[in-house]
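Residue numbers (my numbering): 17 to 513.
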């Protein structure tokens, strides 16, 4: 059954342009693409070594080069290019401040395939299974966003891992979960791109996005972008979302989840190669009750502001901008609102500084999110999917400071990440599809993470690493987590909420 599922994903996971990575990648790759002088053919912040003359290399050196510089399997024949790599995340850890606490671990196995066909058609797909035991603060978050069974004695079950989806219990205190991602991109003419699949999308140049991020679970979508007058592009996206709340009436073995739909429109203008600005609209549409399964007909029209026609819809509007100064600095901003009230607004200000020392990045980012920015009057229509926020993983009602610094020497790297949250009248479950009557809280959270490692293969971000996390809260117990692991870090997995 698992093999059949993977083949189906592979068949439907084709995606388009030979120079475009269609699955939202790890921050390592995003840091490269946001470099002011990003080169598509190679990493911008990692020295991967020198050019080698493969004709003069011995078999052993060729094998080493293949393992450390390429995908596990690569096929290049005519207009066909195919790449296959394993997906692994083997790590073990502990909370040093809890002498009697259990061993923490992550056991991830999967496969990643991407390729190009002809000059205008490419695809990417991955299939992953996981077993994991997380720290206390992660367990609290995962369990508090679980699925709802309204008629059950335990109404909320099976927690949800950010980016990983719904879980099932595994042994003592562990989780078992899996997911499949696939996407294709087709470019029939130079100024038209058609993308479809369930790959997450990240909007913006920051570490966070206040519009749409890869924090939530994968959602099936179709995305069309048209470029005109060379500097303008208009983008239309349609997505199927779910609230993890079982429908009260059903005729199947298990009740279906409550569906909803999302429509995104954006208009972007490249003022110059250094300055770009974009306007966004993201609307959540109802798909009706237990009988109705389709949204209103206006949902399918490729025009903005039609979401205002339905009173139950949730509508989010935003501005996204980026400016490059010289070859080393990128400033970026986002402003979003769902109503003309301070509590329904949010903003992001950030800067990326590259190569202050060779192969380095320094990033500062400030995010302010109002207490009701993503919430709808109807809780089932909030800006969420799989009970997780579609934008910032913390949800709404906070101020955040992000400071990131990383550097590499050859394949050795080090990274520091500091996250500070200021919470006032904060409700962690305020975006869930059912009212939990949770109390609001005030808190300050410090999340400090330091990681050092060796990047075995930069092409797939295959690393051996040691990581330390110190988390301080005025309400919860402090935690100091130490992890060692071996991982292909192809995608983000946020634990700094």
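Backbone N, C-alpha and C define an ideal beta-carbon position, used for all residues, glycine too. Fair warning: this is a prediction, and the values are worked out from it, not measured in the lab.
With DSSP run on the structure shown, which of helix, strand or coil describes residue 209?
Three-state DSSP puts residue 209 in a strand.
Of the residues 135, 189, 167 and 150, which one's Cα is nearest the Cα of residue 201?
Looking at the Cα atoms, 135 is the closest of the given residues.
Starting from residue 49, trace the alpha helix (DSSP H) both ways and give me its first and last residue.
Membership of residue 49 in the alpha helix (DSSP H) is indicated by the continuous run 43-49.
Residue range of the alpha helix (DSSP H) that residue 155 falls in?
Note, residue 155: alpha helix (DSSP H), 152-160.
Whole-angstrom distance between residue 374 and residue 495, CA atom to CA atom:
If you take the alpha carbons of residue 495 and residue 374, they lie about 34 Å apart.
Stretch-stretch touch, CB-based, cutoff 8 Å, three pairs: the segment 201-210 with the segment 349-369:
The answer is no - the segment 349-369 does not touch the segment 201-210, with fewer than three Cβ pairs under 8 Å.
Return the chain-ordered list of same chain residues with a C-beta closer than 8 Å to the C-beta of residue 176, the five sequence neighbours on each side being excluded.
Contacts found: 158, 161, 162, 163, 182, 183, 233, 260, 402, 403 and 404.
Going residue by residue through the segment 386-447, where are the continuous alpha helix (DSSP H) segments of at least 4 residues, counting only ones entirely within it?
Taking 4 residues as the minimum length, the segment 386-447 contains no alpha helix (DSSP H) run wholly inside it.
Among the candidates 132, 348 and 128, whose CA atom is the shortest distance from the CA of residue 142?
Comparing alpha-carbon positions, the option among 132, 348 and 128 lying closest to residue 142 turns out to be 128.
Please state whether the Cβ-Cβ distance between residue 395 and residue 448 is less than 8 Å.
Yes, these two residues count as a Cβ contact at 8 Å.
Excluding the 5 residues flanking residue 504 on each side, which residues of the same chain have their C-beta closer than 6 Å to its C-beta?
Once the five neighbours on either side are set aside, the close Cβ partners of residue 504 are 103, 104, 476 and 478.
Starting from the Cα of residue 208, find the closest Cα among 292, 427, 137 and 296 and give me that residue.
With distances taken between Cα atoms, residue 208 lies closest to 137.
So residue 286 and residue 247 are supposed to be a Cβ contact under 8 Å. How far apart are they, rounded?
The C-beta separation of residue 286 from residue 247 comes to about 4 Å, placing the pair in contact by the 8 Å criterion.
With 16 as the cutoff for other CB atoms within 10 Å, does residue 112 come out buried or exposed?
By the 16-neighbour rule on beta-carbons within 10 angstroms, residue 112 is exposed.
Per DSSP, cross-strand counterpart(s) of residue 590:
Outside the displayed range of the chain (17 to 513) lies residue 590, so it cannot be described from this structure.
Taking the beta strand (DSSP E) that residue 357 belongs to, which residues open and close that run?
Boundaries for residue 357: no beta strand (DSSP E) harbours it, and the DSSP string shows neither H nor E there.
Count the CB pairs spanning the segment 482-500 and the segment 90-99 that are closer than 8 Å, and state whether there are at least three.
The segment 482-500 is not in contact with the segment 90-99.
Using 8 Å as the threshold, is the C-beta distance between residue 284 and residue 338 below it?
Not a contact, by the Cβ cut-off of 8 Å.
Helix, strand or coil for residue 247, going by three-state DSSP, please let me know.
Assignment of residue 247 by DSSP, reduced to helix, strand and coil, places it in the coil class.
Rounded C-alpha distance that separates residue 346 from residue 51:
Their backbone Cα atoms lie some 8 Å apart in a straight line.
Quick one: using the 10 Å Cβ neighbour count with 16 as the cut-off for buried, is residue 272 buried or exposed?
Counting the other Cβ atoms within 10 Å of the Cβ of residue 272 gives fewer than 16, which makes it exposed.
In whole angstroms, what is the alpha-carbon distance linking residue 413 and residue 298?
Those two C-alpha atoms are separated by around 20 Å.
Residue 331 burial status per 10 Å Cβ neighbour count (16 or more: buried)
Per the 10 Å Cβ criterion, buried.
Between the alpha carbons of residue 100 and residue 48, how many angstroms are there, rounded?
One C-alpha to the other measures close to 22 Å.
Taking the alpha-carbon of residue 418 as reference, which of 431, 379, 506 and 125 has the nearest alpha-carbon?
The shortest CA-to-CA distance from residue 418 to any of 431, 379, 506 and 125 is the one to 379.
Determine the DSSP secondary structure at residue 222, reduced to helix, strand or coil.
Assignment of residue 222 by DSSP, reduced to helix, strand and coil, places it in the coil class.
For residue 90, which residues does DSSP report across the bridge?
For residue 90, which the question treats as bridged, DSSP gives the partners 99.
With distances taken Cα to Cα, identify the nearest neighbour of residue 510 among 165, 116, 466 and 179.
Its Cα nearest to that of residue 510, the residue 179 stands out among 165, 116, 466 and 179.
Determine which residues share a DSSP beta bridge with residue 480 and list them.
Beta-bridge annotation (DSSP): residue 480 is paired with 470 and 502.
Beta-carbon separation of residue 490 and residue 459 under 8 Å?
Taking the C-beta atoms as reference points, residue 459 is found nearer than 8 Å to residue 490.
Based on Cα-Cα distance, which residue from 410, 450 and 466 lies nearest to residue 432?
Of the candidates 410, 450 and 466, the residue whose Cα lies closest to the Cα of residue 432 is 466.
Just how far apart, CA to CA, sit residue 288 and residue 244?
One alpha carbon belongs to residue 288, the other to residue 244, and they sit about 15 Å apart.
Within its chain, find whatever has a CB closer than 7 Å to the CB of residue 469; leave out the 5 residues flanking it on each side and keep chain order.
Within the same chain, residue 469 has close Cβ partners 429, 479, 480, 481 and 482.
Locate the beta strand (DSSP E) running through residue 450, then write down its first and last residues.
In the DSSP assignment, residue 450 falls outside any beta strand (DSSP E), carrying neither H nor E.
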